[in-house]
Amino acid sequence: MLLLSNILIDGIVYGMVLFVISVGLSVTMGLMRFINLAHGAFAMMGGYVTAILVREQGYPFVTGLLVAIVATMVVAALLETFVFRFLYKKTELQQVLFTIGFTFACIATANFFAGAYIQQIPLPELLQGSISLGERTLPKQRVLVVVAGFVVVLLIWLLISKTRFGIWLRASVDNAAMSSSLGINIRVVQCATFAAGAGLAALGGVLGAELMPLEPYYPLKYLVLMLVVVAVGGLGSISGTLAAALLLGVIDTTSKYLASDFGTFFFYAAMIVLLALRPEGILRRH
Amino acid sequence: ETVKVGIIAPFSGPFAHYGKLFKDGAESYLAQQGGKFGGHDIQIIYRDSGGPNPGGTKTVAQELIVNERVDYLGGLVFTPNAMAVAPLIQQSKTPTVIFNAATSSINTKSDYFVRTSYTLWQVTVPIAQWAKKQGINKVVTAVMDYAPGVDAEAAFKDEFAKQGGEVVESIRMPLNTNDFSPFAQRIKASGAQAVYVFLPGGPPNLGFVNAYNQNGLREAGIQFLGTAEMDEFDLQKFGDASLGLLTSFHYSADHDSDANRQFKDAMKKQAADALANYASVGAYDGMRVIQKMVEATDGKKDGDKAMAAIKGFEWESPRGPAKIDPDTRHITQNVYLRKVERKDGILVNAEIENFGPQRDHGLK
Amino acid sequence: MTLLKVEHLKKSFGGLKVTDDVSFSLSAGERLAIIGPNGAGKTTLVNQVGGVLHADQGRVLLNDTDVTSWPSYKRVAHGLVRTFQISKLAPDMPVIDQVALAIHQRDGSIGQMWRSKNSYPHIIDEAANILAELQLTRVAHNTPSEMAYGDQRLVEVALALALRPKVLLLDEPMAGVPKSEAQLVLDALERLPADLGVVIIEHDMDLVFRFASRILVLANGAVLADGTPDEIRRNDVVRAVYLGKEGQI
Amino acid sequence: MTLSPVSAGMAMRQSPWGWLGYVAALAVIFLLYWYLPGQLLILTRIAMIAILVMSLDLVTGYGGLPTLGQAAMFGMGAYAAGLFAKFVMPDPLLGLLVAAGSGALLAFIAGLFLVRYQGLAFLMLTIAVALIMQNLASKLQFITGGDDGLSGFEVSPIFGQFQFDIFGVTGYWYSMIVMLVSFAVLRRIMRSPFGLCCVGIRENRDRMAANGTRIYPHLVKLYTLSGVFAGIAGGLFAQVNQVVGLDSLGFELSAEALVMLVLGGLGTLSGAIIGTTLYTMIHHFAATANPFHWLFVIGGLLMLVVFLPKGFLQQLMRRLGLNVLALFGRRA
Amino acid sequence: MSQLLALEGLEAGYGPLTVLHGVSFGIAEGERVCLIGRNGVGKSTTLKTIMGLTDYRRGSVAWKGTDVARRSTVDRARMGIGYVPQTRDVFPSLTVEENLIAGLRNRPASEIQHAYQLFPRLQERRNNPGTALSGGEQQMLSVARTLLGNPQLLLLDEPLEGLAPIICEELMHAFDQLSQQHGVAILLVEQKVQEALKFAQRALILDHGAVVHEGPTAELIEDPSVLDRHISVAAVPGQTH
Ligand SMILES: Nc1ncnc2c1ncn2[C@@H]1O[C@H](COP(=O)(O)OP(=O)(O)OP(=O)(O)O)[C@@H](O)[C@H]1O
Ligand SMILES: Nc1ncnc2c1ncn2[C@@H]1O[C@H](COP(=O)(O)OP(=O)(O)OP(=O)(O)O)[C@@H](O)[C@H]1O
Ligand SMILES: [Mg+2]
Ligand SMILES: [Mg+2]
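Chains as they are written, first to last, in my numbering: chain A, 1111 to 1396; chain B, 4 to 367; chain C, -11 to 237; chain D, 6 to 337; chain E, 412 to 652.
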């Protein structure tokens, strides 16, 4: 019983961390159909800015986080306006090439300015320590991640399916020329979405930093993991991404409790089975 | 006549900091000697091996030997990379000093290998003995699931059983683990008094230590026993979470000796951000060994003579007295029990016990 | 001889009955037109006959063989070829290559791995002739993405012809093609072997009445009328739901 | 058979290269050998990786299926060649055959499953297959040497004549010639109706299905073919280096190969070679000159390339090649 | 009637290819003009160039007297040009209703009732995804979506293609009303020449990227020899009536 509850608790929490770091990628890659392998770079940027503000400048955690998210979004919006938007028309593989190149440059930059060290983000008093769940404890920081995950899902869902912005976004991804011909300002829509994706990346970078510590190679190290979550969730489906993250989190945790000698075998086996049965995404029919 | 030394290390990729550590360590020693060994100018040529990559490493070693005509090789962070160059150095009789790679059997692959780092057996055996003496009878091992981890697990189990202790569970943690909570919970549930850990440096270390604290292992009194985990490279990032953790290792930057102070001074002169840790001291001492070989051969390329000269060679290293074992060509050195403490606001590995000189227990 | 026989075909999407118990047959040499209002289920019917969609109920017989459960490639191999209402061309491949590819498929050389594709002069020849027949020679080396829409429609027909069908299903082949060029398509169809059966879906009544030897009218998924062009022309119901007053001929 | 007047002008243009191209390529190989003896090892590496990238080009360039798991077949070939030399016999050419065969076998088995999917699903599944192979190689330590790598095997002289030497001369000629032959074979295959069919599948599957073409068997064939050459590349790698590590099955290798391919241009085998050469050279020189900052260089290059006009690199290399040839001509 | 749109020496194309070689004509407010010509002469390209969707080379596109040749497509749409493309371009990942909303810009969603009034069929298929529509339904949706933008000038690229005769009639009637009652100017490209001539007041014949004939439609109906010369419709036997 304890084992089962342990598996569920740790699995869901880990899944939520996976979701939080992947959801931004799900936005750019799924909703904008832009293969943004530089997602991790934006996450890293958010994390580094928060770390520097909180650790070195003494800002409160929440302020640091918000500043970092806004800063990342501004940088992303600028990059989108001057560089990334010219990639939308390129082939997927060219997008891969460019964003990988961009990621390399970001890694080198981080290395150059901050060294190969891990960047710790000091947690505020409020988030330190653990809460007790009867038999076991759960770090408060992870409770925050879970809550944040649900809030993000809700907000994105509302935005995409309940507002006109969502319709404009999907329309401009389907057919940019036609959308403009209908008077939809696709530049604003795309730029805002890209920036939002980067903002989510930054949020994920900070909230996930306890499990995926920030260091220069961060953007490459967790790329496959993020891609797995997005692919299993299905392109363009935020709820699918959440479901995939939770499911994969629980599976991975189960294997750690019961069969860790198999390494990541079960994680990838689960991915294979899920993708094979539902190549369009976990919540969609083939 | 100039003597050429080729150093093979990761200079790019996620392990590039090893390259920097080696470079600082080696050059600070050379600078201390005025750039000359035995009156011969020394030229160091660096080559990038990337991560564990035997094919690529072999290629760069070949290049160094054939094109650059180096007299000595040094460096080598990863075991497979070291294994890959063995046939080459055997064929070309190039003395090769291993600055890091820590699997015992490497030295048996070529007569021209000599090692100034450590092996996992060398540092693990004494802590297993110590644990038993402290009245710890049940231990759980938790190691990363790859060759060095398996090696460490074997070393601990072997010695601890010899001492009459019991390893109640052996956990192997997958290499790409991000979330260590499940393992922390398993360790807690195993009923052991201590956990013997082996982790590669960087993020997994941090993740494990966080999990150790957040899941209440510390409160439960489960002793942390490690080796290279509290490396000075990342130590400051652990924060208070690491206070009091015990590791058994051959070098601490906090070691109190003149040789160590000289080493740290030389490093500071070398570069402002140069860091004294086991990797840079491995390179520093590695150059000391090369100096000995250059002197013995008077700068000529004679692998056999050079190797003969360093068998049994003794010197005062920053880590304490050191000696090259004539049989294994591995360094015999003191191993210390260290505890993480805060001194003048920074975290250090304070040596609390000296286990005395240890040879490589992995080669029987 | 009956080439194609469709028996009691039924298909719904969700609650919507798109094909509602449709039966018809096509004999050798027959030119059957299927007409009906937009959304009547014409394309869906062709999709079921061609094997792109699977019917919920009913049977499709090709030369008296039950092909209902066959995948579409197998039906093509047995001579059942169709065109698409919304062009399906490889956007960035030269047209001549696309036609050659269809011919390779037909004569079984498509899996050839060692002979150069240029060493099949008869195939290149045939492809060139088909294109010439539809006056597409000038665009033979162009790719569809840089062609006018009307030309793309003609390429679609060229590809179908290249497969030398026994039964040809044409889904609005002439939409977007000007009359002068539509005539080319009709001419090309005239020249096809006389024993070929053709089913054509078309909204241009001129063409339909000129071409068809029989007309099937669909409405709301069901057969509304089936008869000679003259009968259909005189059918009041068809006029009311489909032809409109202008459409009277 | 002769072409009718209508189609005479329509026959696809024959490439101006033909046999002359291969003679020129051999000349280049010889000149490189003569003038750059210090770079033989890196050139050898380029030749070996180029075969891998060409094999990737089949799947990704011609078949339109981006994969990040090509190393699975490469590593399979490498381990097969290594184990064959270690336990069966040291003959290199037979070993290469075994490597090709095992690469093909793995590709065939995996392909039966993989090519049912497309796009992101396919990409992720290929990653998973490669990771599982790597896990397997790591677990089967008693055969493969696990993390420590497979070593301790020797390869006998080629044709009993040419011994693999420490200077890498034999390795150079061996790899270059195998690369050239692979190129010729693949080029020929991709110009056949089958090659055209693969391009058709890439361009529009619905179209091919409407033609009555079955997509699946053709893709399995293509994937298996790609496995043959990935296996050969791996086999060469094992024989020339005489050591095989887990990295030969690794994600990084697959990713790098993909980057090289896109760099050089998809769907042209020469692009695969150009991309490999460019990337490897830049990596080599940037990493030698300033290993700490080579990521800047390569990152910048990758970003730049995307915005270069199509076929720019091909043009550049061609011109560069001619210049280099002229240079040697003058000096020789 | 004042000029709404005036093209002067317009040259445009795709990449290296120039398709329009100096197209000049004007459209007055509320005027109905049809543009006819053979396959591939550049009819669609003309409309796309007015919309700003091709590579502009030279010449002017004047909207109410100001040159907009270098303005973005969005600006042109917002100024009041509506465009129904030949390929329909229904958004596949939106439902029918969402497709219509996309055409509304910022006006209230209730306005889509107008579209449903025009094409009741669309209301029945309200929740179908854009791709799960018959060819004709997609055409209806494309037209309706553009109308919801309340354009002052409507560019129609073969709007009758694939529509049942009875719907064609209704649609032409609707366009007629739009132009007569709301003063919307219409530029119609249509292969069904007779219908187009009947509908429009003025006809333009395009050949090889240039306007080769311009005049009232009545003239062309009376004297089809011009048509013969330029698009050889008469070569086709058995014309309507
Ligand atoms: N995948 C689908 N899901 C749900 N409804 C569909 C789907 N495909 C088509 N429909 C509906 O089925 C009906 C029949 O469509 P079909 O394409 O067969 O009509 P059609 O007779 O070819 O019309 P048109 O002349 O306009 O091409 C249409 O009303 C359409 O909305
Ligand atoms: N996207 C494109 N890229 C390159 N060339 C194009 C493109 N679209 C059209 N063309 C070329 O421009 C010319 C004019 O095409 P356009 O579509 O304007 O013709 P059209 O008069 O509308 O013909 P249709 O009646 O067939 O629709 C054609 O020769 C075509 O090949
Ligand atoms: Mg239809
Ligand atoms: Mg057109």
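Ideal Cβ placement from N, Cα and C applies to all residues, glycine included. Note that the coordinates shown come from a computational prediction; the quantities given were computed from them, not determined experimentally.
Check: Distance, R219 (chain D) Cα to G67 (chain C) Cα; Outcome: 15 Å
Check: Q244 (chain D) Cβ short of 7 Å to ligand 2 heavy atom set; Outcome: no
Check: Distance between beta carbons of A189 (chain D) and Y27 (chain D), contact taken as under 8 Å; Outcome: 7 Å
Check: Alpha helix (DSSP H) runs wholly inside the stretch 499 to 578 of chain E, at least 4 long, in chain order; Outcome: 507 to 515, 523 to 529, 531 to 535, 546 to 558
Check: G24 (chain C) versus S60 (chain D) - alpha carbon distance; Outcome: 51 Å
Check: Residue range of the unbroken beta strand (DSSP E) whose run includes D51 (chain B); Outcome: 43 to 51
Check: Any 3 or more C-beta pairs closer than 8 Å across the stretch 614 to 626 of chain E and the stretch 579 to 587 of chain E; Outcome: no
Check: Euclidean distance between Cα positions of S545 (chain E) and N209 (chain D); Outcome: 21 Å
Check: Chain-ordered residues, beta carbon under 7 Å from a heavy atom of ligand 4; Outcome: C:A136, C:Y137, C:G138, E:K454, E:S455, E:Q497, E:D568, E:E569, E:V600
Check: Endpoints, beta strand (DSSP E) assigned at G420 (chain E); Outcome: 414 to 425
Check: Integer-rounded CB distance, given that I10 (chain B) should sit under 8 Å from G78 (chain B); Outcome: 4 Å
Check: Contact with chain D by A16 (chain C), beta-carbon distance below 8 Å; Outcome: no
Check: Proximity test, N26 (chain C) beta-carbon vs ligand 5 heavy atom, cut-off 7 Å; Outcome: With respect to ligand 5, the structure offers nothing, as its ligand set consists of ligand 1, ligand 2, ligand 3 and ligand 4.
Check: Buried/exposed call for P648 (chain E), threshold 16 Cβ in 10 Å; Outcome: Only weak support exists for where P648 (chain E) lies, its pLDDT of 37 falling under 50; the value from the coordinates is given anyway. So P648 (chain E) ends up on the exposed side.
Check: Contact set for A337 (chain D): own chain, Cβ-Cβ below 6 Å, skip 5 residues either direction; Outcome: Because A337 (chain D) carries a pLDDT of 37, less than 50, the predicted location of this residue cannot be relied on, and the following value inherits that uncertainty. Within the same chain, A337 (chain D) has no close Cβ partners at all.
Check: Secondary structure of D237 (chain B), DSSP reduced to three states; Outcome: helix
Check: Within 8 Å, strictly: CB atoms of V126 (chain B) and S320 (chain B); Outcome: no
Check: Three-way DSSP call (helix, strand, coil) for V73 (chain B) in this model; Outcome: coil
Check: Burial state of A611 (chain E), where buried means 16 or more other Cβ atoms lie within 10 Å; Outcome: buried
Check: Burial state of I1266 (chain A) (16 or more Cβ within 10 Å); Outcome: buried
Check: Unbroken beta strand (DSSP E) run spanning Q324 (chain B), endpoints; Outcome: First, the residue type needs correcting, since residue 324 (chain B) is Pro and not Gln in the sequence shown. Per DSSP, P324 (chain B) belongs to the beta strand (DSSP E) from 323 to 327.
Check: Alpha-carbon to alpha-carbon, G38 (chain C) and A1187 (chain A); Outcome: 49 Å
Check: Contacting residues, own chain, Cβ-Cβ under 6 Å from Y75 (chain B) (five flanking each side not counted); Outcome: V8, P98, I293
Check: Assigned secondary structure, D634 (chain E) (DSSP; H/G/I helix, E/B strand, else coil); Outcome: coil
Check: R63 (chain C) burial status per 10 Å Cβ neighbour count (16 or more: buried); Outcome: buried
Check: Which listed residue (B:T144, B:D114, B:K39, B:R50) has its alpha carbon closest to that of G200 (chain B); Outcome: According to the sequence shown, residue 200 (chain B) is Val rather than Gly. Considering only alpha carbons, the answer is B:T144.
Check: Interface residues of chain D facing A90 (chain C) [CB-CB closer than 8 Å]; Outcome: N216
Check: Partner residues on chain D for P1206 (chain A), Cβ-Cβ distance less than 9 Å; Outcome: Reading off the sequence, residue 1206 (chain A) comes out as Val, not Pro. Near V1206 (chain A) (Cβ distances below 9 Å), the residues of chain D are P71, L263, V264, V267.
Check: Residues of the stretch 130 to 146 of chain D with Cβ closer than 7 Å to any Cβ of chain A, in chain order; Outcome: L130, I132, A133, L136, I137, N140
Check: Cross-chain neighbours of I512 (chain E) in chain A, by beta carbon under 8 Å; Outcome: R1274, I1277
Check: L(-3) (chain C) beta carbon less than 8 Å from that of T(-10) (chain C); Outcome: no
Check: Sub-8 Å separation of S259 (chain D) and G74 (chain D) beta-carbons; Outcome: yes
Check: For W474 (chain E), the three-state DSSP class (helix, strand or coil); Outcome: strand
Check: Length of the line joining the Cα atoms of R1274 (chain A) and L505 (chain E); Outcome: 12 Å
Check: Per DSSP, the bridge partner or partners of D466 (chain E); Outcome: E:G424
Check: Spatially closest choice to Y467 (chain E) from E:T477, E:K475, E:R482, E:G476, by CA coordinates; Outcome: E:R482
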